[in-house]
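Below: one structure, written as C-alpha coordinates.
See below:
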(Lines of atoms letter the chains of each structure in order from A and count residues from 1; the text may use other names and numbers.)
(Lines give C-alpha, C1' and ligand atoms only; values in the text may rest on other atoms or scores of the structure.)
Protein backbone atom coordinates (compact mmCIF):
# COMPACT_ATOMS: atom_id res chain seq x y z
CA UNK A 1 0.00 0.00 0.00
CA UNK A 2 1.29 3.43 -0.89
CA UNK A 3 0.56 6.41 1.28
CA UNK A 4 1.13 10.04 0.39
CA UNK A 5 4.37 11.58 1.62
CA UNK A 6 2.28 14.47 2.90
CA UNK A 7 -1.44 15.28 2.81
CA UNK A 8 -2.17 16.46 -0.74
CA UNK A 9 -5.47 18.04 0.32
CA UNK A 10 -7.45 16.29 -2.43
CA UNK A 11 -8.89 12.90 -3.27
CA UNK A 12 -6.61 11.12 -5.79
CA UNK A 13 -9.62 9.23 -7.16
CA UNK A 14 -10.95 12.49 -8.58
CA UNK A 15 -8.17 12.83 -11.17
CA UNK A 16 -9.80 12.42 -14.56
CA UNK A 17 -8.67 12.84 -18.13
CA UNK A 18 -9.84 16.13 -19.62
CA UNK A 19 -12.10 15.95 -22.65
CA UNK A 20 -9.45 17.56 -24.87
CA UNK A 21 -6.46 16.02 -23.07
CA UNK A 22 -4.60 13.34 -25.01
CA UNK A 23 -4.12 9.94 -23.35
CA UNK A 24 -0.34 10.45 -23.33
CA UNK A 25 -0.68 13.86 -21.63
CA UNK A 26 -3.04 12.37 -19.05
CA UNK A 27 -0.65 9.48 -18.41
CA UNK A 28 2.21 11.93 -17.88
CA UNK A 29 0.09 13.97 -15.48
CA UNK A 30 -0.73 10.81 -13.49
CA UNK A 31 2.98 9.94 -13.36
CA UNK A 32 3.82 13.40 -12.04
CA UNK A 33 1.13 13.18 -9.36
CA UNK A 34 2.30 9.71 -8.30
CA UNK A 35 5.92 10.87 -8.03
CA UNK A 36 4.98 14.01 -6.12
CA UNK A 37 2.55 12.59 -3.58
CA UNK A 38 3.50 8.91 -3.13
CA UNK A 39 6.45 6.57 -3.03
CA UNK A 40 4.98 4.85 -6.08
CA UNK A 41 7.28 4.68 -9.10
CA UNK A 42 4.84 4.50 -12.03
CA UNK A 43 7.59 3.20 -14.32
CA UNK A 44 8.75 0.42 -11.99
CA UNK A 45 8.05 -3.15 -13.08
CA UNK A 46 6.40 -4.06 -9.78
CA UNK A 47 3.96 -1.13 -10.07
CA UNK A 48 2.99 -1.40 -13.73
CA UNK A 49 -0.25 -3.36 -13.19
CA UNK A 50 -1.41 -1.00 -10.46
CA UNK A 51 -0.58 2.09 -12.48
CA UNK A 52 -2.17 0.72 -15.68
CA UNK A 53 -5.37 -0.03 -13.78
CA UNK A 54 -5.36 3.50 -12.35
CA UNK A 55 -4.79 4.99 -15.81
CA UNK A 56 -7.54 2.99 -17.53
CA UNK A 57 -10.00 3.46 -14.68
CA UNK A 58 -9.64 7.22 -14.70
CA UNK A 59 -9.20 7.84 -18.42
CA UNK A 60 -11.90 9.50 -20.49
CA UNK A 61 -15.07 7.45 -20.82
CA UNK A 62 -14.76 7.13 -24.60
CA UNK A 63 -11.32 5.57 -24.22
CA UNK A 64 -12.59 2.98 -21.72
CA UNK A 65 -15.33 1.93 -24.15
CA UNK A 66 -12.88 1.12 -26.97
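Residue numbers (my numbering): 1389 to 1454. Note that the Cβ used here is the ideal one computed from N, Cα and C, for glycine as well. Fair warning: this is a prediction, and the values are worked out from it, not measured in the lab.
Quick check on DSSP: helix, strand or coil for residue 1445?
For the purposes of this step, residue 1445 is identified with residue 57 of the chain shown, where counting begins at 1. Of the three classes helix, strand and coil, the one that applies to residue 1445 here is helix, per DSSP.
Looking only at its chain, what residues have a beta carbon closer than 6 Å to the beta carbon of residue 1421, apart from the 5 residues adjacent to it on each side?
What you label residue 1421 is simply residue 33 of the chain shown in a count that begins at 1. Once the five neighbours on either side are set aside, residue 1421 has no close Cβ partner at all.
Hey, would you say residue 1446 sits closer than 8 Å to residue 1417, going by beta carbons?
Residue mapping note: residue 1446 aligns to position 58 of the chain shown, counting from 1. Residue mapping note: residue 1417 aligns to position 29 of the chain shown, counting from 1. No, the Cβ-Cβ distance between residue 1446 and residue 1417 is not below 8 Å.
Go ahead and label residue 1430 buried or exposed: buried means 16 or more other beta carbons lie within 10 angstroms of its beta carbon, across all protein chains shown.
On the chain shown, residue 1430 is found 42 positions in, with the first residue counted as 1. Under this definition residue 1430 is a buried residue.
Whole angstroms is fine: what's the gap from residue 1414's alpha carbon to residue 1439's?
In the chain shown, the residue the question calls residue 1414 occupies position 26. In the chain shown, the residue the question calls residue 1439 occupies position 51. In a straight line, the C-alpha of residue 1414 is about 12 Å away from that of residue 1439.
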